[in-house]
Amino acid sequence: MSDAPQYPRPPAHIETYVDILGPDLAFEFLMQFGGAELYLATAPKRSRLAQVIGVDKAADLAAAAHRLSARVPVAKRWLARVMKSKGLSNAEIARKLHVTDVTVRAYLKGTEMTDNYDPRQLPLF
């Protein structure tokens, strides 16, 4: 059994980013650029985006720009769930997302972080 975290399913508004970048790189991308308006150049070379995710991935995002909004989504709920799956405490998550621990608990409410967690499973009770 591996020690790699099982990532929560991304919501629809960031699913394209996760599909193109993968969950780890999408996490870093959203932490760096979430909430910002971003120009996706077809041939990125020295941009901040290329420094964070690499030239190839930046070009892949530019190719999919027609499916993306101009402003990068914030997706704090998904980011909080990813951090929790990596073992961070609520206080650490709150500091990284610049929210209160109460907000983090609300983001994580109803999320069961167990080994067999499946985000597609509807709650039974």
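The numbering of the sequence shown is this note's numbering, which starts it at 67 and goes up by one.
Ideal Cβ placement from N, Cα and C applies to all residues, glycine included.
Keep in mind it's a predicted model, so treat the numbers as computed, not measured.
Around the Cβ of Y105, a 10 Å sphere holds fewer than 16 other Cβ atoms; the residue is exposed. When DSSP reads this structure, R137 sits in a beta bridge with E103. Shown here for T108: same chain residues with a beta carbon closer than 6 angstroms to its own, the five before and five after excluded, namely A128 in chain order.
DSSP places K111 in no alpha helix (DSSP H); its state is neither H nor E. By the neighbour-count definition (other C-beta atoms within 10 Å, threshold 16), L190 is an exposed residue.
The Cβ atoms of R137 and A102 lie closer than 8 angstroms to each other.
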